[in-house]
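Below is one structure, written out as structure tokens, with a few remarks after it.
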Amino acid sequence: MTSTTVWGPPPAAPPQTPGADQPRQPFPRGLWRGRPEDPRWARPALLGLLAVTLLLYLYDLSASGYANSFYSAAVQAGSTSWKAFFFGSLDAGNAITVDKPPASLWPMELSVRIFGLRSWAILAPEVLMGVASVAVVYAAVRRRFSPVAGLIAGAVLALTPVAALMFRFNNPDAMLALLMSVACYLVVRAVEDGRTKWLVWAGVAIGFAFLAKTLQAFLILPPLAVVYAVCAPVPLRKRCGQLAVATLALVVSGGWWVAVVELWPASSRPYIGGSQNNSFLELTFGYNGLGRLNGEETGSVGGGGGGGGTGMWGETGWDRMFDSEVGGQISWLLPAALILLAAGLVGTRGLRRTSVTRASFLVWGGSLLTTTVVFSYMAGIFHQYYTVALAPYLAAVVGMGAGLLWERRRELWASITLAASVVAAAAWGYVLLNRTPDYLPWLKWLVLVGGLTAALGLVFVGRLTRQLALGAAAAGLVAALAGPTAYTLSTLQEGHTGSIVTAGPAGASVMGGRGGRPGGGPGGGGGTRDGFGGAMPGQPGRQNQQGNGFPGAGGFGGGMPGQNGQQNGGQGQRNGNGFGFPGGGRMGEGGMGGGAGGLLNGASVSSEAKKLLEQDAGKYTWAAASVGSQNAASYQLATSEPVMAIGGFNGTDPSPTLARFKKYVEEGKIHYFIAGGGMGGGGNSGTASGISSWVQSTFKKVTVGSATFYDLTRKA
7 MTSTTVWGPP
17 PAAPPQTPGA
27 DQPRQPFPRG
37 LWRGRPEDPR
47 WARPALLGLL
57 AVTLLLYLYD
67 LSASGYANSF
77 YSAAVQAGST
87 SWKAFFFGSL
97 DAGNAITVDK
107 PPASLWPMEL
117 SVRIFGLRSW
127 AILAPEVLMG
137 VASVAVVYAA
147 VRRRFSPVAG
157 LIAGAVLALT
167 PVAALMFRFN
177 NPDAMLALLM
187 SVACYLVVRA
197 VEDGRTKWLV
207 WAGVAIGFAF
217 LAKTLQAFLI
227 LPPLAVVYAV
237 CAPVPLRKRC
247 GQLAVATLAL
257 VVSGGWWVAV
267 VELWPASSRP
277 YIGGSQNNSF
287 LELTFGYNGL
297 GRLNGEETGS
307 VGGGGGGGGT
317 GMWGETGWDR
327 MFDSEVGGQI
337 SWLLPAALIL
347 LAAGLVGTRG
357 LRRTSVTRAS
367 FLVWGGSLLT
377 TTVVFSYMAG
387 IFHQYYTVAL
397 APYLAAVVGM
407 GAGLLWERRR
417 ELWASITLAA
427 SVVAAAAWGY
437 VLLNRTPDYL
447 PWLKWLVLVG
457 GLTAALGLVF
467 VGRLTRQLAL
477 GAAAAGLVAA
487 LAGPTAYTLS
497 TLQEGHTGSI
507 VTAGPAGASV
517 MGGRGGRPGG
527 GPGGGGGTRD
537 GFGGAMPGQP
547 GRQNQQGNGF
557 PGAGGFGGGM
567 PGQNGQQNGG
577 QGQRNGNGFG
587 FPGGGRMGEG
597 GMGGGAGGLL
607 NGASVSSEAK
617 KLLEQDAGKY
627 TWAAASVGSQ
637 NAASYQLATS
647 EPVMAIGGFN
657 GTDPSPTLAR
667 FKKYVEEGKI
677 HYFIAGGGMG
687 GGGNSGTASG
697 ISSWVQSTFK
707 KVTVGSATFY
717 DLTRKA
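Residue numbering for the sequence shown follows our numbering, beginning at 7 and increasing consecutively.
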């Protein structure tokens, strides 16, 4: 078979890079023509895919406003202060950092420095990361299989609902997904020729991914290291040495910032948000590390359920990725991907140890399985959008598996397996679409009938004419992608804001367990009409079609379970779907009124409050202080003046101490204290409560509309 064959290399493909000895086309002709061994349509098709992805992701981008104001405030601070830029401070006064390393903020901060503080300047770098991720996945699959397989993989990634959500949002997950894709690509490149440089660059990519989202970057290290150690075409001793060098590169690229922060005098740097001891290492291995697995995050709002139990962050178990909370975000092609992964490993079982084709399945498939298992059983803080990390692995496996089976379609097992993957995608797509019965009710039948019809043709694809075979394959691909495409388009048509966001139409992701069953946890009461699990264990739920706060909370405003919500809160998700946490979801949902932000979203800042804080703000290090980062972030974004977040994101960090806060006030560094904020609108840690009580009993209250301030320059 020549290098121009449409699908994939022969089973005994040599490990060297395809087309490596071919002369490259001069630029710019080479940009349009691509590799000499590719069909002439391949590169224009890739450029078309990237262009469509870019346009889709840029569509109405500013509808999300500042998206997650927690990170947007840090971006604003870093765009005005290089110290805040380096540390990832939430404010330009450098009181406290966000609860992640700062690498994901840096592209956004540079963009805002160039273009000014506006929504698209913050979110456009995320879009570019999404387009780059599609390009990386295409390149990885195309190298060992074919341009068509690469295009399928790229399209699957671009049209995954949670990917369309997070590549238009300012959380760290976009950078993490991109760098993990790059790492997998580089490891496969290293397996091709055994060159150390590819493995070192893979270590660098994972190191910088650590600086985006700490230990989550290390989830795929075991499969990557094992695959290289087993499959690389060099002696075992050299493989071990190369892995050691790559590990050193990882430590240096991810550890240099950690070393600087840990060695920097704590008195002259911001407090490390999310930690209880002002230590980034404690944050890494505690709140952002083991605490996410066992549900014991110090300073968190509470853990989840372990061993298949139900907790604040949903049920854990082997089928978590398929349940009503997560399924519509990522799992559309997950059953098909698992079938294709098994087929790829079986179909390459007779190849030699150094087979790059088999190593590709092991790298991408191993990353998919490892991340899926960890997400399924982690008992700590877990949000649906975390699953964007699975999207590149899933897309690559689908592209590679489809490419391999199509190449071997004349073998009965291959055609039957290809048909089975289409049936799995169509049947599961029907189930997911049926969970939102009012959303395009005709689509689920089109997916099911179209998929089954295409699968029937694929069973006999080895005996069909080329035109009929391609028609059956195209019909199967359309049926598999119709559901996620519809959810993706729905996601692109709406803005998303807050700390917890979900993709798809309203009701596509609901709390409450497997398959969206109604009702609360053990001892809980009824949920909302589409399956919200209305209560924590032992807490009475509330029937509420306007959306609850935390499970068991009354209304919005979000007290913790069992607390009544504030009366000035906004509504939950549209159509009575009751997402469960205040401040998440679509633009305008769960919005706070009255000036005091909640745990997961910020305040609505009136023009009068904005004018009050801006007055004489230049005389102070901080124009104001408030409990909780989301509340502080809203006022900071509205005024572009530093606002101190007491207690960090949850209001539970012991920063600043009461004595330190009093000293700031004595030195005239803070002008106002904003009442409310944090969990349910009040101080949460002893530190935050002490500061709130002292301020309220000592200084003059100033009411502006429904917002309450205390002037720290005027005693009561």
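Virtual Cβ for every residue (Gly too), placed ideally from N, Cα, C.
Only a predicted model underlies this, so the values are computations on that prediction, with no experimental measurement involved.
> For G381, which of S337, S695 and A420 has the nearest alpha-carbon?
Replying inline: Locating residue 381 in the sequence shown gives position 375, counting from the first residue. Position check: residue 381 holds Phe in this sequence, whereas Gly was assumed. The shortest Cα separation from F381 among S337, S695 and A420 belongs to S337.
> If you drop the 5 nearest sequence neighbours on each side, which residues of the same chain put their C-beta closer than 6 Å to that of A189?
Replying inline: Translated into positions along the sequence shown, residue 189 becomes position 183. So the list reads A208, A211 and I212, once near-sequence residues are dropped.
> Looking only at C-alpha atoms, which of L249, A425 and M186 sits nearest to L225?
Replying inline: Numbered from 1 along the sequence shown, position 219 holds the residue referred to as residue 225. For L225, the nearest C-alpha among the options comes from M186.
> Smallest Cα separation from M135: which of S496, V369, S110 and F151?
Replying inline: Numbered from its first residue, the sequence shown carries residue 135 at position 129. It is S110.
>> On the DSSP letters alone, give me the boundaries of the beta strand (DSSP E) that K707 sits inside.
In response: For the purposes of this step, residue 707 is taken as the residue at position 701 of the sequence shown. F705 to V710 is the extent of the beta strand (DSSP E) around K707.
> Going straight from the alpha carbon of W434 to that of Y234, what length do you get?
Replying inline: What you label residue 434 is simply residue 428 of the sequence shown in a count that begins at 1. What you label residue 234 is simply residue 228 of the sequence shown in a count that begins at 1. If I take the Cα positions, the gap works out to 34 Å.
> Taking just the CA atoms, how far does L217 sit from L163?
Replying inline: Stepping through the sequence shown from its first residue, residue 163 is reached at position 157. Stepping through the sequence shown from its first residue, residue 217 is reached at position 211. Straight-line Cα distance between these residues: approximately 24 Å.
>> Just to confirm, is the Cβ distance from D97 to G280 under 7 Å?
In response: The count along the sequence shown starts at 1 and reaches residue 97 at position 91. The count along the sequence shown starts at 1 and reaches residue 280 at position 274. Not in contact: D97 and G280 (Cβ atoms no closer than 7 Å).
> Can you give the beta carbon distance from A170 to T393, rounded, assuming they're within the 8 Å contact cut?
Replying inline: Walking along the sequence shown from the start, residue 170 turns up at place 164. Walking along the sequence shown from the start, residue 393 turns up at place 387. Actually they do not touch by this definition, with Cβ atoms about 13 Å apart.
>> Output needed for T423: all residues of its chain with C-beta closer than 7 Å, excluding positions within five of it in sequence on either side, in chain order.
In response: Along the sequence shown, read from residue 1 onward, the residue named residue 423 stands at position 417. Here the set comprises I345, A349 and L411.
>> Using the three-state DSSP reduction, which class does N570 fall into: helix, strand or coil?
In response: Position 564 of the sequence shown, counting from 1, holds the residue named residue 570. The predicted model places N570 with a pLDDT of 32, which falls under 50 and marks its position as unreliable; any figure quoted below should be read in that light. Of the three classes helix, strand and coil, the one that applies to N570 here is strand, per DSSP.
> Measuring CB to CB, does F173 end up less than 7 Å from A73?
Replying inline: Taking the first residue of the sequence shown as position 1, residue 173 is located at position 167. Taking the first residue of the sequence shown as position 1, residue 73 is located at position 67. Cβ atoms of F173 and A73: not closer than 7 Å.
> Considering only residues of the same chain and omitting the five flanking positions on each side of V708, which have a CB-CB separation below 8 Å?
Replying inline: Taking the sequence shown and counting its residues from 1, the one referred to as residue 708 is at position 702. Excluding residues within five positions, the ones whose Cβ falls inside 8 Å are L618, Y678, T714, F715, Y716 and D717.
> According to DSSP, what are the bridge partners of I680?
Replying inline: In the sequence shown, residue 680 corresponds to position 674, counting from 1. Answer is S632 and F715.
> Is it the case that the Cβ atoms of A343 and V404 are separated by a distance below 7 Å?
Replying inline: What you label residue 343 is simply residue 337 of the sequence shown in a count that begins at 1. What you label residue 404 is simply residue 398 of the sequence shown in a count that begins at 1. Yes, the Cβ-Cβ distance between A343 and V404 is below 7 Å.
> What residue does the beta strand (DSSP E) around A272 start on, and which one ends it?
Replying inline: Here residue 272 corresponds to residue number 266 of the sequence shown, with the count starting at 1. Premise fails: A272 is in no beta strand (DSSP E) and is neither H nor E.
>> Taking 8 Å as the limit between beta carbons, can you name the residues of its chain near L249, skipping five residues before and five after?
In response: Here residue 249 is taken as the residue at index 243 of the sequence shown, counted from 1. So the qualifying residues of the chain are L205, A231, Y234 and A235.
> On the premise that S152 lies in contact with P131, defined as a C-beta separation below 8 Å, what is that separation, rounded to the nearest angstrom?
Replying inline: Counted from its first residue, the sequence shown places residue 131 at position 125. Counted from its first residue, the sequence shown places residue 152 at position 146. Actually they are not in contact, since the Cβ atoms of P131 and S152 sit about 31 Å apart, beyond 8 Å.
>> Spatial neighbours of Y63 within its chain, please: C-beta separation below 6 Å, excluding the five flanking residues on both sides.
In response: In the sequence shown, the residue the question calls residue 63 occupies position 57. Result list for Y63: V133, G136, F173 and R174, in chain order.
> Looking only at its own chain, which residues have a Cβ that is under 7 Å from the Cβ of W324, when we skip the five neighbours before and after it?
Replying inline: Translated into the one-based positions of the sequence shown, residue 324 becomes position 318. The residues are S382.
> In terms of residues, what are the limits of the beta strand (DSSP E) holding V649?
Replying inline: Within the sequence shown, numbered from 1, the residue matching residue 649 stands at position 643. Here the beta strand (DSSP E) through V649 covers V649 to I652.
> Per DSSP, which one or two residues make a beta bridge with E302?
Replying inline: Residue 302 sits at position 296 when you count from the first residue of the sequence shown. Beta-bridge pairing links E302 to no other residue.
> What is the rounded straight-line gap between the Cα of K625 and the Cα of E331?
Replying inline: Your numbering for residue 625 matches position 619 in the sequence shown. Your numbering for residue 331 matches position 325 in the sequence shown. Cα to Cα, K625 sits roughly 48 Å from E331.
> What residue range is occupied by the uninterrupted alpha helix (DSSP H) comprising Y399?
Replying inline: Mapped onto the sequence shown, residue 399 falls at position 393. First-last of the alpha helix (DSSP H) with Y399: A397 to E413.
> Roughly how many angstroms lie between the CA atoms of R469 and K203, to the nearest whole one?
Replying inline: Counting from one through the sequence shown, the residue named residue 469 turns up at place 463. Counting from one through the sequence shown, the residue named residue 203 turns up at place 197. Roughly 46 Å separates the two Cα atoms.
> What residues in its chain sit with their C-beta under 6 Å from that of D44, if we drop five residues either side in the sequence?
Replying inline: Here residue 44 is taken as the residue at index 38 of the sequence shown, counted from 1. So the qualifying residues of the chain are P153.
>> If you reduce the DSSP assignment to three classes, tell me which class I506 lands in.
In response: On the sequence shown, position 500 is the one that residue 506 refers to. Coil, per DSSP.
> Name the DSSP bridge partner or partners of T471?
Replying inline: Position 465 of the sequence shown holds residue 471. None; T471 has no bridge partner.
>> In this structure, how does DSSP classify I102 when only helix, strand and coil are distinguished?
In response: Reading the sequence shown from its first residue, position 96 is the one you call residue 102. Here I102 sits in strand by DSSP.
> Does the segment 635–649 come close enough to the segment 251–271 that 3 or more CB-CB pairs lie under 8 Å?
Replying inline: no
> Which class does Y144 belong to by DSSP, given the choice of helix, strand or coil?
Replying inline: The count along the sequence shown starts at 1 and reaches residue 144 at position 138. In this structure, Y144 counts as helix in the three-state DSSP scheme.
> With G386 and L299 assumed to form a contact (beta carbons below 8 Å), what rounded beta-carbon distance in angstroms separates them?
Replying inline: Looking up residue 386 in the sequence shown gives position 380. Looking up residue 299 in the sequence shown gives position 293. Confirmed, Cβ separation roughly 6 Å.
>> Considering Cα atoms alone, identify which of V197, L375, H389 and L396 is closest to W319.
In response: By 1-based counting over the sequence shown, the position of residue 319 is 313. Nearest C-alpha to W319: H389.
> Residues in its own chain within less than 7 Å of E115 by CB, not counting five upstream and five downstream?
Replying inline: Walking along the sequence shown from the start, residue 115 turns up at place 109. Cβ neighbours of E115 beyond the five flanking positions: V81, G84, S85 and F91.
> Which partner residues of Y277 appear in the DSSP bridge assignment?
Replying inline: Counting from one through the sequence shown, the residue named residue 277 turns up at place 271. Its beta-bridge partners are I102.
> Roughly how far, in whole angstroms, is the beta-carbon of W421 from the beta-carbon of L483, given that I think they are within contact range, below 8 Å?
Replying inline: Here the question's residue 421 lines up with position 415 in the sequence shown. Here the question's residue 483 lines up with position 477 in the sequence shown. Rather than Trp, the amino acid found at residue 421 in this sequence is Ser. Actually they are not in contact, since the Cβ atoms of S421 and L483 sit about 15 Å apart, beyond 8 Å.
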